[in-house]
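Peer 1: Okay, here's the structure, questions in a sec.
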Amino acid sequence: MAIDQVNVEIVAREVIRPSSPTLNHLRKFNLSLLDQLAPVSYEPLVLLYSNFQQQLTGTHESQRLKRSLSETLTRFYPLAGRIKDGASIECNDLGAVFVESRVSCLLSKFLEKPDVEVIRKFIPVETESPEALTGSLVLVQANFFACGGLAIGVCISHKAADPVTFSTFIKAWAAAAFRSVDDSSTVLPLFNASSLFPPQNLPLTRPAAVELMNDKCVTKRLVFDASEIAALQAKAVSESVTCPTRVEAVTALIWKCAMNASRSNSEHLRYSILSQSVNLRKRMAPPLPENTFGNLVGYFASCATECEIELQSLVGQLRKGLRDFGENYVEKLGEDKAFMAVCESFQGAGSMLQEGNVDFYASTDFCRFPFYGIDFGWGKPTWVTIPTGANKNVTTIMDTRDGEGVEAWVTLTEEAMAFFERDRELLAAASLDPSALDLIMPMSSL
2 MAIDQVNVEI
12 VAREVIRPSS
22 PTLNHLRKFN
32 LSLLDQLAPV
42 SYEPLVLLYS
52 NFQQQLTGTH
62 ESQRLKRSLS
72 ETLTRFYPLA
82 GRIKDGASIE
92 CNDLGAVFVE
102 SRVSCLLSKF
112 LEKPDVEVIR
122 KFIPVETESP
132 EALTGSLVLV
142 QANFFACGGL
152 AIGVCISHKA
162 ADPVTFSTFI
172 KAWAAAAFRS
182 VDDSSTVLPL
192 FNASSLFPPQ
202 NLPLTRPAAV
212 ELMNDKCVTK
222 RLVFDASEIA
232 ALQAKAVSES
242 VTCPTRVEAV
252 TALIWKCAMN
262 ASRSNSEHLR
272 YSILSQSVNL
282 RKRMAPPLPE
292 NTFGNLVGYF
302 ASCATECEIE
312 LQSLVGQLRK
322 GLRDFGENYV
332 EKLGEDKAFM
342 AVCESFQGAG
352 SMLQEGNVDF
362 YASTDFCRFP
372 FYGIDFGWGK
382 PTWVTIPTGA
392 NKNVTTIMDT
402 RDGEGVEAWV
412 TLTEEAMAFF
422 ERDRELLAAA
432 SLDPSALDLI
442 MPMSSL
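So our numbering is basically just the index in the sequence shown, starting at one, shifted up by 1.
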């Protein structure tokens with residue numbers, strides 16, 4: 002549904018503070034080295050619910066969300082504070098921002114053809130906002146549709162939390178809303194990352210070499226069903242990778258088609274680098290609990306030349322990049338050489354980008370995250386999406402509602418997207434901007 006057909010009117014804005022004040026000895030929270038090097042941006046998430054009755058006004062649901070958010074901020078107390086000096090959070094209980102809006106259309110109409118520009122109106126702040134370093138660490142926007150549907154847009158500062166911590170926070174918040182805040186099944190965060198990766202005296206921003214350039218871009222949504230993913234996996238099998246994962250197969254195809262699009266617009270063959278993130282918790286020795294708070298994420302690069310553009314070769318490069326990351330990066334983290342490992346990683350990325358004739362891509366994988374299980378008390382989400390920002394050459398992938406397919410948001414320059422969206426191999430494997438209603442179970446009242 003086009004942005005000019007949807008009006009999202011902000012009707013209320015307030016600050017939600019923790020339900021209990023933070024104790025004095027917890028007022029300073031040290032960031033870890035990995036927090037310091039995280040992007041100055043917000044991670045967004047939009048959860049859409051159709052499980053409301055027509056007559057509900059949203060008042061009761063809004064109060065439930067605010068009360069449970071307040072309780073959850075007490076447990077995740079750093080998220081109610083503000084980053085002070087690039088190395089710590091002042092846990093001053095300034096709270097999270099909570100916005101309410103009214104959406105002029107029916108949820109079913111929006112789901113017929115989701116538009117990324119409309120989705121971006123469902124979140125309370127631009128993802129690339131510098132406020133991620135200076136302002137509220139958590140912002141929420143509750144968007145009430147005319148039919149009674151609800152879209153909950155949440156943004157959390159990447160300087161304080163990675164996707165795993167974001168997921169832990171959302172799950173705890175939903176548990177507090179759905180049940181009692183004292184429910185023993187709710188997992189509490191562990192605040193020990195700074196002891197594992199002590200902060201350093203670093204600039205407040207990351208090196209410019211690893212930042213993605215802003216350009217005039219277009220974002221498209223792709224949906225791969227389970228059968229097409231299986232076909233891609235079979236096609237990607239090689240001697241070096243005998244069992245490609247579904248994420249590897251989908252990522253490699255998107256990368257391949259993006260490279261083809263770039264080369265169609267260039268007189269020269271270009272070197273290509275794809276950066277992916279990886280959860281460090283399970284790769285540490287010994288592994289860290291999943292509820293370890295903060296940025297426990299690393300980044301690894303896969304490289305391709307003009308001779309390596311076939312699916313098998315690209316999957317092989319993806320697997321090699323992850324293997325090299327484990328051997329060269331994770332082992333150093335386990336040997337108390339975290340600062341050296343991180344510096345080498347950034348210097349390597351910077352030197353490759355400075356060579357010229359290089360296309361840099363980034364892909365973030367949210368598959369297997371439990372977002373479709375987030376129940377605030379009125380049922381599980383009808384649809385979940387992660388709107389991308391305006392940076393070029395960025396892909397975000399996550400599960401479809403059934404857990405078998407994959408949805409991808411891909412952002413490229415206008416010129417590259419014109420070729421990308423017509424790529425025959427891509428269109429044979431994926432649906433371009435399909436209705437979200439095709440991906441969900443039949444619903445009686447949208």
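From the three backbone atoms N, C-alpha and C, an ideal C-beta is built for every residue, glycine too.
So the alpha helix (DSSP H) F421 belongs to, where does it begin and stop?
Peer 2: Indexing the sequence shown from 1 puts residue 421 at position 420. Note, F421: alpha helix (DSSP H), 415–421.
Peer 1: Which residue's Cα is closest to the Cα of R453: R65, T383, V100, D325?
Peer 2: Here the chain covers residues 2 to 447 and nothing more, so residue 453 does not appear.
Peer 1: Near T401, what residues of its chain come up, given a Cβ to Cβ distance below 7 Å and the 5 sequence neighbours on each side ignored?
Peer 2: Taking the first residue of the sequence shown as 1, we reach residue 401 at position 400. Here the set comprises V224, V407, E408, L440.
Peer 1: Applying the criterion that 16 or more other CB atoms from any shown protein chain within 10 Å of the CB defines a buried residue, is Q6 buried or exposed?
Peer 2: Here residue 6 is taken as the residue at index 5 of the sequence shown, counted from 1. Per the 10 Å Cβ criterion, exposed.
Peer 1: Give me the DSSP bridge partner(s) of E307.
Peer 2: Counting from one through the sequence shown, the residue named residue 307 turns up at place 306. Looking at the DSSP assignment, E307 forms no beta bridge with any residue, so it has no partner.
Peer 1: Could you give the distance in angstroms between the alpha-carbon of Q201 and the alpha-carbon of E422?
Peer 2: For this step, residue 201 is matched to residue 200 along the sequence shown. For this step, residue 422 is matched to residue 421 along the sequence shown. One C-alpha to the other measures close to 44 Å.
Peer 1: Taking C-beta to C-beta, are L138 and A97 nearer than 9 Å?
Peer 2: Working through the sequence shown from its first residue, we reach residue 138 at position 137. Working through the sequence shown from its first residue, we reach residue 97 at position 96. Yes.
Peer 1: With DSSP run on the structure shown, which of helix, strand or coil describes M399?
Peer 2: Here residue 399 refers to the residue found at position 398 of the sequence shown. If DSSP states are grouped into helix, strand and coil, M399 belongs with the strands.
Peer 1: Using a 10 Å radius around the Cβ and a threshold of 16 neighbouring Cβ atoms, would you call L49 buried or exposed?
Peer 2: Numbered from 1 along the sequence shown, position 48 holds the residue referred to as residue 49. With 16 or more Cβ atoms within 10 Å of its Cβ, L49 is classed as buried.
Peer 1: For A235, is the classification buried or exposed, using 16 other Cβ atoms within 10 angstroms of its Cβ as the cut-off for buried?
Peer 2: For the purposes of this step, residue 235 is taken as the residue at position 234 of the sequence shown. The residue in question, A235, is exposed, as its Cβ has fewer than 16 Cβ neighbours within 10 Å.
Peer 1: If contact is defined by three or more beta carbon pairs under 8 Å, each pair taking one atom from either stretch, is the stretch 250–260 in contact with the stretch 110–123?
Peer 2: Verdict: no, contact absent.
Peer 1: As a quick exercise: from V188, L189, E132, pick the residue whose alpha carbon is nearest that of Y43.
Peer 2: Taking the sequence shown and counting its residues from 1, one reaches residue 43 at position 42. The shortest C-alpha separation from Y43 is found at E132.
Peer 1: I'd like the list of long-range same chain contacts for S71, defined as Cβ closer than 7 Å, with 5 residues on each side in sequence excluded.
Peer 2: Indexing the sequence shown from 1 puts residue 71 at position 70. Around S71: I17, R18, P19, S20.
Peer 1: Give the secondary structure of V509 by DSSP, where H, G and I count as helix, E and B as strand, and everything else as coil.
Peer 2: In the structure as shown, the chain begins at 2 and stops at 447. Residue 509 is therefore absent and cannot be evaluated.
Peer 1: Between Q37, P22, V104, K29, which has its C-alpha nearest E10's C-alpha?
Peer 2: As a first step, residue 10 must be located in the sequence shown, where it is residue number 9. Minimum Cα distance to E10 is reached at V104.
Peer 1: In whole angstroms, give me the CA-to-CA distance for S227 and E249.
Peer 2: Here residue 227 is taken as the residue at index 226 of the sequence shown, counted from 1. Here residue 249 is taken as the residue at index 248 of the sequence shown, counted from 1. Looking at the sequence provided, one finds Ala at residue 227 rather than Ser. Distance between the alpha carbons of A227 and E249: 14 Å.
Peer 1: Between V298 and L108, how many whole angstroms is the CB-CB distance? I'm expecting something under 8 Å.
Peer 2: Here residue 298 refers to the residue found at position 297 of the sequence shown. Here residue 108 refers to the residue found at position 107 of the sequence shown. Contact doesn't hold; Cβ gap of about 33 Å is too wide.
Peer 1: Which value, in whole angstroms, describes the spacing of the CA atoms of S432 and E311?
Peer 2: Numbered from its first residue, the sequence shown carries residue 432 at position 431. Numbered from its first residue, the sequence shown carries residue 311 at position 310. Answer to the nearest angstrom: the Cα atoms are 21 Å apart.
Peer 1: Quick one, are the C-beta atoms of S273 and D360 less than 9 Å apart?
Peer 2: As a position in the sequence shown, residue 273 is number 272, starting the count at 1. As a position in the sequence shown, residue 360 is number 359, starting the count at 1. Result yes, Cβ atoms of S273 and D360 sit closer than 9 Å.
Peer 1: May I have the straight-line CA-CA distance separating V242 from L233, to the nearest angstrom?
Peer 2: For this step, residue 242 is matched to residue 241 along the sequence shown. For this step, residue 233 is matched to residue 232 along the sequence shown. About 13 Å.
Peer 1: Give me the Cβ distance between Q37 and G87, rounded to the nearest whole Å; I'm assuming they're in contact under 8 Å.
Peer 2: Position 36 of the sequence shown, counted from the start, is the residue given in the question as residue 37. Position 86 of the sequence shown, counted from the start, is the residue given in the question as residue 87. About 6 Å separates the two Cβ atoms, so the contact holds.
Peer 1: Could you tell me the distance, in whole angstroms, from the CA atom of V141 to the CA atom of E307?
Peer 2: Counted from its first residue, the sequence shown places residue 141 at position 140. Counted from its first residue, the sequence shown places residue 307 at position 306. Straight-line Cα distance between these residues: approximately 44 Å.
Peer 1: Quick one, which of F377, A419, A286, P40 has its alpha-carbon nearest R68's?
Peer 2: Sequence index remark: in the sequence shown, residue 68 carries index 67 (1-based). For R68, the nearest C-alpha among the options comes from F377.
Peer 1: Just to confirm my understanding: we take F326, look at its own chain, exclude 5 residues before and 5 after, and list those with CB closer than 7 Å. What are they?
Peer 2: Position 325 of the sequence shown, counted from the first residue, corresponds to residue 326. Here the set comprises V279, G299, F301.
Peer 1: Do G295 and F192 have their beta-carbon atoms positioned less than 9 Å apart in this structure?
Peer 2: Stepping through the sequence shown from its first residue, residue 192 is reached at position 191. Stepping through the sequence shown from its first residue, residue 295 is reached at position 294. Yes, they are a contact pair.
Peer 1: Specify the secondary structure class of A250 as computed by DSSP and reduced to three states.
Peer 2: Against the sequence shown, residue 250 aligns to sequence position 249. If DSSP states are grouped into helix, strand and coil, A250 belongs with the helices.
Peer 1: Which one or two residues does DSSP pair with D366 in a beta bridge?
Peer 2: Taking the first residue of the sequence shown as position 1, residue 366 is located at position 365. Answer is I398, bridged to D366.
Peer 1: Note the first and the last residue of the continuous alpha helix (DSSP H) segment covering G322.
Peer 2: As a first step, residue 322 is located in the sequence shown; it is residue number 321 there, counting from the start. Counting along the chain, the alpha helix (DSSP H) containing G322 begins and ends at 312–326.
Peer 1: Quick one: using the 10 Å Cβ neighbour count with 16 as the cut-off for buried, is L428 buried or exposed?
Peer 2: As a first step, residue 428 is located in the sequence shown; it is residue number 427 there, counting from the start. The residue in question, L428, is exposed, as its Cβ has fewer than 16 Cβ neighbours within 10 Å.
Peer 1: Closer than 9 Å, CB to CB, is L46 near chain C or not?
Peer 2: Annotation note: the requested chain C is absent from the structure, which comprises a single protein chain.
Peer 1: Can you pull the DSSP bridge partners for W384?
Peer 2: The residue given as residue 384 occupies position 383 in the sequence shown. According to DSSP, which records beta bridges pairwise, W384 is partnered with L49.
Peer 1: Please work out which residues of its chain come closer than 6 Å, Cβ to Cβ, to P435, disregarding the five sequence neighbours upstream and downstream, and give them in chain order.
Peer 2: Translated into positions along the sequence shown, residue 435 becomes position 434. Excluding sequence neighbours, P435 sits near V224.
Peer 1: How about Q318 and E309: do their beta carbons lie closer than 9 Å?
Peer 2: Residue numbering aside, residue 318 sits at position 317 when the sequence shown is read from its first letter. Residue numbering aside, residue 309 sits at position 308 when the sequence shown is read from its first letter. Result yes, Cβ atoms of Q318 and E309 sit closer than 9 Å.
Peer 1: What's the gap between the Cα of M285 and the Cα of V251?
Peer 2: Mapped onto the sequence shown, residue 285 falls at position 284. Mapped onto the sequence shown, residue 251 falls at position 250. So the two alpha carbons sit approximately 27 Å from each other.
Peer 1: Taking the C-alpha atoms as reference points, what is the distance between V126 and N358?
Peer 2: As a working note, residue 126 is residue 125 in the sequence shown. As a working note, residue 358 is residue 357 in the sequence shown. Those two C-alpha atoms are separated by around 34 Å.
Peer 1: Put N329 into one of helix, strand or coil per three-state DSSP.
Peer 2: Mapped onto the sequence shown, residue 329 falls at position 328. If DSSP states are grouped into helix, strand and coil, N329 belongs with the helices.
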